[in-house]
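Undergrad:
Protein chains: 6
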Amino acid sequence: MSRRFVSQLGPQESVDQVFLASDKQLRPNRSGNLYLQVELSDRTGSVGARMWNANDHVYNSFENGDYVRAEGSTQLFQGAIQMILTRLTRVAAGGVSADEFQLLTAADLDRLVLRLGEMLRGMENLSLRNLAECFLLDEEFMAKFARAPAGVKNHHAYLGGLLEHTVKLMEVVLRIAPCYPALDRDLLLTGAFLHDVGKIDELSYDRGFAYSDEGQLVGHLVMAVGLLDQKVAEAERLAGEPVVEEMVLRLKHMLVSHHGEYEFGSPKLPMTLEAIALAFLDNLDAKLASFSQQLRDDPNVDSRWTAYNSNLRRKLFKGSPNGVEQTSGNTEDS
Amino acid sequence: MSRRFVSQLGPQESVDQVFLASDKQLRPNRSGNLYLQVELSDRTGSVGARMWNANDHVYNSFENGDYVRAEGSTQLFQGAIQMILTRLTRVAAGGVSADEFQLLTAADLDRLVLRLGEMLRGMENLSLRNLAECFLLDEEFMAKFARAPAGVKNHHAYLGGLLEHTVKLMEVVLRIAPCYPALDRDLLLTGAFLHDVGKIDELSYDRGFAYSDEGQLVGHLVMAVGLLDQKVAEAERLAGEPVVEEMVLRLKHMLVSHHGEYEFGSPKLPMTLEAIALAFLDNLDAKLASFSQQLRDDPNVDSRWTAYNSNLRRKLFKGSPNGVEQTSGNTEDS
Amino acid sequence: MSRRFVSQLGPQESVDQVFLASDKQLRPNRSGNLYLQVELSDRTGSVGARMWNANDHVYNSFENGDYVRAEGSTQLFQGAIQMILTRLTRVAAGGVSADEFQLLTAADLDRLVLRLGEMLRGMENLSLRNLAECFLLDEEFMAKFARAPAGVKNHHAYLGGLLEHTVKLMEVVLRIAPCYPALDRDLLLTGAFLHDVGKIDELSYDRGFAYSDEGQLVGHLVMAVGLLDQKVAEAERLAGEPVVEEMVLRLKHMLVSHHGEYEFGSPKLPMTLEAIALAFLDNLDAKLASFSQQLRDDPNVDSRWTAYNSNLRRKLFKGSPNGVEQTSGNTEDS
Amino acid sequence: MSRRFVSQLGPQESVDQVFLASDKQLRPNRSGNLYLQVELSDRTGSVGARMWNANDHVYNSFENGDYVRAEGSTQLFQGAIQMILTRLTRVAAGGVSADEFQLLTAADLDRLVLRLGEMLRGMENLSLRNLAECFLLDEEFMAKFARAPAGVKNHHAYLGGLLEHTVKLMEVVLRIAPCYPALDRDLLLTGAFLHDVGKIDELSYDRGFAYSDEGQLVGHLVMAVGLLDQKVAEAERLAGEPVVEEMVLRLKHMLVSHHGEYEFGSPKLPMTLEAIALAFLDNLDAKLASFSQQLRDDPNVDSRWTAYNSNLRRKLFKGSPNGVEQTSGNTEDS
Amino acid sequence: MSRRFVSQLGPQESVDQVFLASDKQLRPNRSGNLYLQVELSDRTGSVGARMWNANDHVYNSFENGDYVRAEGSTQLFQGAIQMILTRLTRVAAGGVSADEFQLLTAADLDRLVLRLGEMLRGMENLSLRNLAECFLLDEEFMAKFARAPAGVKNHHAYLGGLLEHTVKLMEVVLRIAPCYPALDRDLLLTGAFLHDVGKIDELSYDRGFAYSDEGQLVGHLVMAVGLLDQKVAEAERLAGEPVVEEMVLRLKHMLVSHHGEYEFGSPKLPMTLEAIALAFLDNLDAKLASFSQQLRDDPNVDSRWTAYNSNLRRKLFKGSPNGVEQTSGNTEDS
Amino acid sequence: MSRRFVSQLGPQESVDQVFLASDKQLRPNRSGNLYLQVELSDRTGSVGARMWNANDHVYNSFENGDYVRAEGSTQLFQGAIQMILTRLTRVAAGGVSADEFQLLTAADLDRLVLRLGEMLRGMENLSLRNLAECFLLDEEFMAKFARAPAGVKNHHAYLGGLLEHTVKLMEVVLRIAPCYPALDRDLLLTGAFLHDVGKIDELSYDRGFAYSDEGQLVGHLVMAVGLLDQKVAEAERLAGEPVVEEMVLRLKHMLVSHHGEYEFGSPKLPMTLEAIALAFLDNLDAKLASFSQQLRDDPNVDSRWTAYNSNLRRKLFKGSPNGVEQTSGNTEDS
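These protein sequence lines are chains A, B, C, D, E and F, in that order. My numbering applies: residue 3 is where the first sequence begins, and numbers increase by one. My numbering applies: residue 3 is where the second sequence begins, and numbers increase by one. My numbering applies: residue 3 is where the third sequence begins, and numbers increase by one. My numbering applies: residue 3 is where the fourth sequence begins, and numbers increase by one. My numbering applies: residue 3 is where the fifth sequence begins, and numbers increase by one. My numbering applies: residue 3 is where the sixth sequence begins, and numbers increase by one.
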């Protein structure tokens, strides 16, 4: 029987299928009886689940990041779908179809890696091309880069999210650069490629997503500079001549300034054309991804507005499904 | 004899040619003698000029916005070129080649207007196309729209600057929209077209640039809503049916929120995908224009950095002329 | 039997009377059983109510904004009165005494409308008087203006609240203006009248209070400018001559700047005497209303302080009921 | 011959009359020759004056705060009147008509003191009346209170300015209090009386205006609390019974919170009705005084806008002299 | 049987011993049944406790601040230990060993008072020594000063916390002053002694900790100035000569500016060397105490990070118990 | 003849001695004649100098950073000493006594380097000691570290300033650490040593002080991490075993967070005890140095206050020379 995805679940459904477990907790209810609370997800989203009268046994029978078979039923709780579990059993990863749990399939990731290489190898600047090649040829790096999420919550928080965000940003760079001849396209493209590479070690994403200690104590803006230093040394060894110092400085500057403002953790404000462009386009891509996701996932299906988002200090307007086109569509037919 | 443009002037040159005058003032020097201070410009920039021992007569012989024949010589003053005038005479506009005084030629403006129409008429949404047509057919509006600057100082502060900024922004929208399918391309394109239309009356630009009273007291974000209301009414009369209300709301929202933050004068934060995209792309275009201009015009020719800009709270990095490519260029040949 | 008002309810009372229903929700409790949560109000306040073991049937038997007969009893919950319902039935509006549910009676509203007209018609400035008359004669406008609340929560959030806030502000203007001869009294009075008129469409208040889409996307500061434009055109038609342009600009400026600071959604800072006075007096009236209401309604009856209000970033001091006068009162008698 | 006041001076006038001197400086010009720079004022304003080729002798012949006879002529300098002195001689205070140098005449001050007493003695609250009486009977206090300015620059920066600001604020309180029955009128009135009393020692105003060391190190908000403590003790001795503690606390709270926000130097936010009302009304009075003064004194007589004021982060709109009434005036005649 | 301290409690333990009660509340659960919620503490910390099916009787049988005998058992609730009570009985203070409930023993406090006197009497500046003596000899003052906490929550929130914080700060002053010869050591030491004395009346700490009305309405920064004024007058009476005015001003300035920034409630910014040093060292001591406490008390024992602290806008890094030394320790042995 | 230092210069003195030149400019005066403007300094400070009727010849005869013999005389200009030059000649560095131009003598620097090594080698933690040794043994590093200033303007802006600031901070750490047992003293000491090492390349200080390109584009917080990485690798090679990873993370965290707040350029907030202590103590040392220098150098010798400092948003209080001790001094004698 084909899977019923999280995004398809309605109230009052029976459920008996495999999910990815995370954020498990054992809590007492008001009467002092313990229950299990756990997040169950597949590639389309996640849903909160509770097992009443749970105990240490079930709590200890699986870890966050494990696949579990969940049996029970759904109900509506404060406007959102919730699952009430009758049984929860750990399942070996082997018997599971990974594609059901990853937003991006292996094929998606392959395609993105291919496109990444294509764009980088298409640069005219030989020096940058050589530098990029050092990253592309580093299999350990590429394995992480193709797997890491772009964040723990917020935008692109799924396996491969970093790669998808990076490639999208590079596509945008290629399209916009011709509009602004003063921009050094290849420099901006390389900056877009590298701006978040620090995240491959800032985050841990083997079982659930979290910040690594280094990620929290040092941060991906600074960590990326160390990665770049290594690859520059490598490129110089390969080319047998030094990479132009100013080019490296401009790249480092893009890495440390790409959050755009001090308050967002950039130790430097963007001071070059490419740095300011990178900061805006990165922010635009992140905001569009985040807005889109909220508009799509908002649980208040009969409201024209999403719930208030305190991070963004605003609600978002959903409006009517086809609010803009409806009349004009009719008119066009006539 | 061909014109020597402001951007070409060096120290210790004799000058005898026509400029556009602005910001004239009569001031006493430390000894109490009056001198005339005036800005002289052509399409490449402006230069401060002084006539020592000036009097009311010369001060009253021309107005800001007039063409004047300036005779005298240049010198270096605090790192910048300054003109010392021996004579200043008003010149009729008739005998002047306007192209020498406008950054954008009549041909440039024609081309931009053409492209504007092309993009708007290429929209698939009939309703938005009809609305846009009401603006395009309004000759008085288009005359102002093709002439207005985008600002008094800052970015695109020259005749036609509003049109150039708008068309550039629309080009960017057309290139980026395909990357983000969730964006309503036509809605975003129309928002880009209209976001600054309030500036046609916010600024006065017949003789020198200034804010109109209405511009300062009400502002172009609010004024644009009134213009839109008029054109919507017109479009409804022409089409014989109401424009979809939600579409108008979405457009108005883009107009009042396009500065992106309360502190920049937006009474609303962007709450739709198109509004957030517009705010970012508008800001990006403005920042790139402003950064480019500062990098190009910075008078400290032998410094790798521009002077500190207190608005941006930073200096900009100019670096070496070909800092990034130099070595790679050589290498590529081998 | 006479009504027992919300403000009179104590713990452990039986209840069987009519209330206005709002904010109904169906929620599961910890055991997964559904219960109904609804706000019940009359003109003296509102009280939360719950019906255990509720179902879709009762949830769908009434709408927010309906009158309902509530049967059950009260209890104390976290320091506040709560109602436990045994039965809830929709009641036709016809059989209800509306005055029990509106803070302002029809007579109150009539009196306020009368006073509004009196103040506006008492202005010496003929042009402003004509303009005001266009609003007063517009029955549809006046019907909305006399019914709209001034907000969804916060201050004056009840039917007629906008009118009451406006008239109070105008009274204050009339009293204060003589202290400051530099103020144009009539201009300030008209600004006070119009400052919040945009709220008649910013809010929806037929069944419960909410922001309209236009209210959230465009906002009452901008919407008011459109209303003013219409009435100015009307006044010009009636008078057969244009209204002085500067006067209209000054009014528009008061409308768009009356929140006083960018961060409160004003796209312009007050730049005239009347605009700065309006911003301060409006804010003062709102703050006094809000403080008074909190001091009056705070549920911690035995504390000298209200609960912490995170919007205001402070607690308020209630002190002793007659803390200030007690001794002096005694002394005065002797 | 009657005095020609500073506000009446035009360019190219000869001058020979007495002024109050302040802010004297001896400066070298570009050629290294010294000149004297000094501010000359009377009750209508002040004007900058320069004596070329001055020396130590003239610089040492008078002190800031002295009356001086100034001989010379006026000229226009950067849009403002400036005086060029040929001679400057110290003049004994005895031979000078003090009223020409004080914005407020002795009669004005008498009238204000009278009104102050009237309002305070009209309070119904005996305890506050007794407390106020302790201030009114303290001759040393009243002498300072009637003489102190309300500031060094900004609003009400002239002898008697504190008294004038205080009495105006109390008038406003008396007019507004009836609109808000929840306000304790007498408490608010006493708070308005006392809110700035700390300024009698925060500022020094015997010769020119300046902050005292205590004023800068401790500040008038804190200093006022000490003054109040003394008078409360006095009132208790006189009345033979303690003043109600809560009343004193409420007064102290009004004193320390009346700047309204932390960033303006209030160590506490207003937490009572009277404290919030005092903060708003004080700010309103200060802003109206400051705006009025700028609109009146702006030297750009032919501009519809004042110069940009960086403290207020805005320009102010002057508009046309009778911009609002002109047409309506005509219309009214017909 | 020896006491089991709060910090030693694990899940699933039976409990039967005495605690200090605070923050008691009677609440209904979802089914409408009332339960008692109360905080139970000893000198090592506090733990939340609940008694199901409680009633008015038990709620009224003790007051906050009383000692109670608690019988029941512990469980884990959302990662923290919680107590479920079966019985709760008030206990007379007489039979309780106070040292189990105070973080600081009587001996600790005696030692701190001794050290305080030692440091103050060791000052070289006679005038400051005399002033300090007036405080030390005031038994009522010293009794409060040795008992007051330094806060209600946050750092040093326990009996004697103010004394401990003050003495620690003075120790730091004595150690650091020699590094900065420009600092007046005795002035800084006196400032450190007095900076928080206002807290003896700002807080109430007889039964549980709370802010007094005066504390909230006026604040300890301002209240300290009044205390200082009294003691200066006393010192002058004793010495028969005035204390140098500037010294008093410098002390007052340290008191009112020691929060360092307006936003933290300082009405003045530090403007002397001693004031800026005091502000930094006070803040450092508070932050170290607060960080240490969070690192020590964080309930997530198996996490390397504390929970997010919204006041500090960060998590804290706990790391490994001996993360830094482990290898080096091994190495050192070899 | 012994040198007359800048700090000793009064008005109307003849001058003929050697200074260090910086910030030279050629400027026209109001009459269009050029003059030379240059800063002349020795170890006690700097003074502005002007040579009237200067030309390209003298301007090109020396570079910033050269020693020059200056002949001329001093005068008072706007309250400050200024030099008017009659002659200016470049002088070879060889014939100059360097100690007259450096605030810190070679002996001072030697002493500081010695003390630095002493403190680092006194650490108990072997691993940190090894790491520190790698820095101490690196002669190129130490040469730069002993020569670099700590800033371009502000505090410790002189050769050796970085070393002096670092050693002072470490002294403070050694004195304070025993007060806070929870602090890891050796970790904090190493952090204090390394916190500003990035400045050795952030600044250029061979001829005058400036930021390097890398300093401005990347910044010393990030650059220090790179330096640390190199030395850790070196230490691991030497020790033949890895340095504990957590220790390195804690050090890196201290480097990137030591500005304490995002707005001061820290990409991370301090999240460990040592990081928060470092940030406070570093800031304290910088503020005390900056305050001391302003109090000492303020040119208004007869004022009790320094001029307003817009960076600090305050004036500083100088008071009386012996304001605090004067009376007590007398008293102590009796």
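Backbone N, C-alpha and C define an ideal beta-carbon position, used for all residues, glycine too.
Starting from A:N311, follow its DSSP beta bridges and name the residues at the other end.
TA: In DSSP, A:N311 forms a bridge with A:R316.
Undergrad: Over what stretch of residues does the beta strand (DSSP E) that includes A:L36 continue unbroken?
TA: Segment 36-44, the beta strand (DSSP E) holding A:L36.
Undergrad: Measure from the alpha carbon of A:H171 to the alpha carbon of each residue in A:V98, A:H222, A:M121, then state which is nearest.
TA: The displayed chain sequence assigns Leu, not His, to residue 171 of chain A. Measuring from the Cα of A:L171, the nearest candidate turns out to be A:M121.
Undergrad: Would you kindly work out how many angstroms separate the C-alpha atoms of A:K26 and B:G193, rounded to a whole number?
TA: Distance between the alpha carbons of A:K26 and B:G193 is about 46 Å.
Undergrad: Pull up the distance between the alpha-carbon of E:K254 and that of C:A279, whole angstroms please.
TA: Each residue's alpha carbon lies about 37 Å from the other.
Undergrad: Check the Cβ-Cβ distances between A:M121 and every residue of chain B, and say whether any is below 8 Å.
TA: Closer than 8 Å: no.
Undergrad: By the three-class DSSP mapping on this structure, what secondary structure does C:L185 have?
TA: Correct three-state label for C:L185: coil.
Undergrad: Closer than 7 Å, Cβ to Cβ, to anything on chain D: give me those residues from the stretch 255-277 of chain C, in chain order.
TA: Taking 7 Å as the Cβ-Cβ cut-off against chain D, the residues of the stretch 255-277 of chain C that qualify are L271, M273, T274, L275.
Undergrad: For the stretch 80-137 of chain B, which segments carrying the beta strand (DSSP E) assignment without a break, of at least 3 residues, lie completely within its bounds, in sequence order?
TA: Qualifying beta strand (DSSP E) stretches, in chain order: 82-93.
Undergrad: The ligand FMN and E:A226: does the residue's C-beta get closer than 7 Å to at least one heavy atom of that ligand?
TA: What this structure holds is no ligand at all, so the ligand FMN is not there to describe.
Undergrad: Classify A:S336 as buried or exposed, calling it buried when 16 or more other Cβ atoms lie within 10 Å of its own Cβ.
TA: Bear in mind that the predicted position of A:S336 carries a pLDDT of just 33, short of 50, making it unreliable; the figure below should be weighed with that in mind. It counts as exposed.
Undergrad: With 8 Å as the C-beta to C-beta threshold (strictly closer), list the residues of the stretch 310-324 of chain D near chain B in chain order.
TA: Those residues of the stretch 310-324 of chain D that come within reach of chain B (Cβ to Cβ, closer than 8 Å) are K317, F319, G321.
Undergrad: Can you tell me whether DSSP reads B:K201 as helix, strand or coil?
TA: Helix, per DSSP.
Undergrad: Please confirm if A:G228 has its CB atom under 8 Å from at least one CB of chain F.
TA: Yes - at least one Cβ of chain F is within 8 Å of the one on A:G228.
Undergrad: So what's C:A212 in DSSP terms, helix, strand or just coil?
TA: Of the three classes helix, strand and coil, the one that applies to C:A212 here is strand, per DSSP.
Undergrad: Could you tell me how far apart the beta carbons of E:S214 and E:L205 are, in whole angstroms, since I believe they sit closer than 8 Å?
TA: Right, their Cβ atoms sit about 7 Å apart.
Undergrad: When the Cβ atoms of the stretch 249-265 of chain D are set against those of the stretch 168-184 of chain D, are three or more pairs found closer than 8 Å?
TA: No: fewer than three Cβ pairs fall under 8 Å.
Undergrad: Measuring only between beta-carbons, confirm whether B:T333 sits less than 8 Å from chain A.
TA: Residue placement at B:T333 is poorly supported in this model, since its pLDDT is 33, which falls under 50; the coordinates still yield a value, given next. Answer yes: the Cβ-Cβ gap between B:T333 and chain A drops below 8 Å somewhere.
Undergrad: Taking only beta-carbon atoms, is E:G221 less than 8 Å away from chain D?
TA: Taking Cβ atoms only, chain D reaches closer than 8 Å to E:G221, which makes this a yes.
Undergrad: Cα separation between E:G331 and A:R45?
TA: Because E:G331 sits at a pLDDT of 34, beneath the cut-off of 50, its placement in the model cannot be relied upon, and the point is left open.
Undergrad: In the DSSP output, which residue or residues are listed as bridge partners for B:A51?
TA: In the DSSP output, where bridge partners are listed per residue, B:A51 has B:V40, B:M85.
Undergrad: In this structure, does DSSP put E:Y264 in helix, strand or coil?
TA: Helix at E:Y264.
Undergrad: Do B:T76 and B:E15 count as a contact pair if the criterion is CB distance below 8 Å?
TA: Cβ atoms of B:E15 and B:T76: closer than 8 Å.
Undergrad: What does F:V224 touch in chain A if you count any residue whose Cβ is under 7 Å from its own?
TA: Result: V224, V227, V258, P269.
Undergrad: Note down, in chain order, each residue of its chain lying with its Cβ closer than 6 Å to the Cβ of D:G163, except the 5 sequence neighbours on either side.
TA: Closer than 6 Å at the Cβ level, and outside the excluded window around D:G163, lie P151, A152.
Undergrad: Quick one: give me the first and last residue of the alpha helix (DSSP H) that D:V234 is part of.
TA: Per DSSP, D:V234 belongs to the alpha helix (DSSP H) from 222-241.
Undergrad: E:L28 by DSSP, collapsed to three states: which one?
TA: If DSSP states are grouped into helix, strand and coil, E:L28 belongs with the strands.
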